[in-house]
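Trainee: Position 284 (the sequence shown) corresponds to 284 in the numbering used here; numbering is contiguous. Heads up, the beta-carbon is just placed ideally off N, CA and C, and yes, glycines get one too.
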Amino acid sequence: MSPVPDYPTALRLRETTLDLSLRCHVMGILNVTPDSFSDGGQHAGTAAVEHALRMVEEGADIVDIGGESTRPGAREVPLDEELARVLPVVEAVRSHSSVPISVDTRKAAVAEAALEAGADVINDISAMRDDADMPRVAAAQDLPVVLMHMQGSPEIMQRGPRYENVVEEVLTFFRERLAFCHERGIRQVVLDPGIGFGKTLQHNLDLLRAIPRFAELGCPVLIGTSRKSFLGQLTGREVDDRLAGSIASNLAACRKGARLLRVHDVRDMRAALDVTDAIDHGVEAAHAL
Ligand code: HH2
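#1: Applying the criterion that 16 or more other CB atoms from any shown protein chain within 10 Å of the CB defines a buried residue, is L261 buried or exposed?
#2: Considering Cα atoms alone, identify which of L273, D104 and L30 is closest to G338.
#3: Across the segment 156–176 and the segment 83–97, are there enough close Cβ pairs to call them in contact, namely three or more that are closer than 8 angstroms?
#4: Assuming A258 and C24 form a contact by the criterion Cβ under 8 angstroms, report the distance between their Cβ atoms to the nearest whole angstrom.
#5: Would a C-beta distance cut-off of 9 angstroms place R71 and D35 closer than the cut-off?
#6: Following a CB-centred definition, is I195 positioned closer than 8 angstroms to any heavy atom of the ligand HH2?
#7: Is the beta carbon of V170 sitting closer than 9 angstroms to the one on P135?
#8: Just curious, the beta strand (DSSP E) that V121 is in, first and last residue?
#9: May I ask which residues mark the beginning and end of the beta strand (DSSP E) holding V172?
#10: Beta strand (DSSP E) containing M148: first to last residue?
#11: Please report the straight-line C-alpha distance between P78 and S95, rounded to a whole angstrom.
#12: Who are A10's beta bridge partners in DSSP?
#13: Within 8 angstroms: the Cβ of M264 and any heavy atom of the ligand HH2?
#14: Apart from the five residues just before and just after N123, which ones in its own chain have a Cβ nearer than 7 angstroms to its Cβ?
#15: What is the residue span of the beta strand (DSSP E) that G45 lies within?
#16: Are there any heavy atoms of the ligand HH2 lying less than 8 angstroms away from the beta-carbon of T315, as far as the coordinates show?
#17: Going by other Cβ atoms of all chains shown within 10 Å of its Cβ, with 16 needed for buried, is R159 buried or exposed?
#18: Can you name, in chain order, every residue of its own chain whose Cβ lies under 8 angstroms from the Cβ of L289, other than the five neighbours on each side?
#19: So, helix, strand or coil for I156, using DSSP?
#20: For V49, is the classification buried or exposed, using 16 other Cβ atoms within 10 angstroms of its Cβ as the cut-off for buried?
#21: Give the straight-line distance between the Cα atoms of A111 and L243, rounded to the nearest whole angstrom.
#22: Identify, in the order they occur along the chain, each residue of the same chain with its Cβ nearer than 6 angstroms to the Cβ of G185, setting aside the five sequence neighbours on each side.
#23: Could you check whether the Cβ of T70 sits closer than 8 angstroms to any heavy atom belonging to the ligand HH2?
#24: How close, in whole Å, do the beta carbons of Q202 and D142 come, if the pair is a contact with beta carbons under 8 angstroms?
#25: Which two residues bound the contiguous beta strand (DSSP E) that contains R262?
#26: Quick check: I279 and N250, are their CB atoms within less than 9 angstroms of each other?
#27: Heavy atom of the ligand NAP less than 8 angstroms from the Cβ of M269, yes or no?
#28: Determine the direct distance from the alpha carbon of S246 to that of R148, and round the result to whole angstroms.
#29: Any chance you could list the alpha helix (DSSP H) runs of at least 4 consecutive residues sitting entirely within the segment 192–229, in chain order?
#30: Could you give the distance in angstroms between the alpha-carbon of G218 and the alpha-carbon of A74?
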């Protein structure tokens with residue numbers, strides 16, 4: 001029997017429904033930014049679209065397209081610039097593929113334009129706290145919204161983050177945000193404790209260990225550990241050498257009940273999950289998942 005707790009849950013998207021109860025799903029990261037912490041400047045224009053399609057071939061279940069770096073210390077990007085980075089890429093990926101697309105943005109106008117261009121999911125690291133218009137955009141179509149926990153803002157979040165009890169505070173935050181969504185008719189919510197967003201190494205480890213408690217709230221849990229600095233703290237490795245840590249932390253998160261894994265290295269993550277799925281379910285059954 002699978003050690004993953006059974007929280008039957010699905011994401012209803014435009015063209016498809018992702019049954020998250022069956023296996024962990026992979027969200028491939030596409031940063032259309034000059035300054036992202038691990039892949040800034042690598043993906044623009046045609047190269048961005050090619051990278052998205054490569055991730056689909058490698059087994060990404062969703063492609064997450066973002067035009068604003070939220071690395072510690074990052075400044076906000078003006079609306080026009082973010083739109084100009086993200087929209088053409090969403091449009092081009094949609095014209096070449098039916099892969100589910102999420103848009104990683106805190107701005108309602110970017111989310112709205114991306115949804116119009118065919119995106120399926122809003123991934124808002126501010127959990128709809130930064131833009132008062134985001135709830136309207138999210139409620140207008142019955143599509144999922146990822147709500148992430150962050151202490152502070154990217155510019156200041158890693159300046160001595162403090163909690164009385166990080167797990168309880170994130171749980172309280174999720175409950176408040178779920179009530180907020182409920183009141184506004186937003187029915188599909190994914191919860192993300194926000195690894196690295198106003199968190200020390202110990203906070204990140206506590207949150208990963210507490211995934212079953214977040215999953216008990218009844219929404220799918222998304223985890224983003226890929227290449228993040230806590231992996232560097234644990235392994236002594238630089239940002240371009242954190243694949244082992246990324247995969248280990250994601251497999252651990254999956255075991256604890258995370259249903260969506262936001263990763264840069266789709267091919268290797270998929271291979272790792274193929275192995276654990278085969279162990280849990282058998283080769284034939286794992287293929288069918
Ligand atoms: N992490 C990053 C960005 N968006 N969204 C969710 N839901 N969860 C995360 O953990 C998360 C996220 C930061 O990673 P990355 O996109 O690689 O870097 P940057 O913000 O520098 O573009």
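Mentor: Here's the rundown:
#1: buried
#2: What is shown of the chain runs 1 to 289, which leaves residue 338 out entirely.
#3: no
#4: 7 angstroms
#5: yes
#6: yes
#7: no
#8: V121 to D124
#9: A small fix is needed here, since residue 172 is Thr in this sequence, not Val. Counting along the chain, T172 falls outside any beta strand (DSSP E), though it belongs to the alpha helix (DSSP H) covering V166 to E183.
#10: V145 to M148
#11: 26 angstroms
#12: D19
#13: One point to set straight first is that residue 264 is His, not Met, in the sequence displayed. Yes, since a heavy atom of the ligand HH2 falls inside the 8 angstroms radius drawn around the Cβ of H264.
#14: D64, S102, V103, D104 and V146
#15: That residue, G45, is in no beta strand (DSSP E); its alpha helix (DSSP H) goes G45 to E57.
#16: Because the chain here runs from 1 to 289, residue 315 falls outside it and cannot be looked at.
#17: exposed
#18: L22, R23, D277 and H281
#19: coil
#20: buried
#21: 30 angstroms
#22: A139
#23: yes
#24: That belief does not hold up - the Cβ atoms of Q202 and D142 are roughly 38 angstroms apart, past 8 angstroms.
#25: L260 to V263
#26: no
#27: The ligand NAP is not part of the structure shown, which contains the ligand HH2 as its ligands.
#28: Position check: residue 148 holds Met in this sequence, whereas Arg was assumed. Approximately 19 angstroms, taken between the alpha carbons.
#29: 201–209 and 211–215
#30: 33 angstroms
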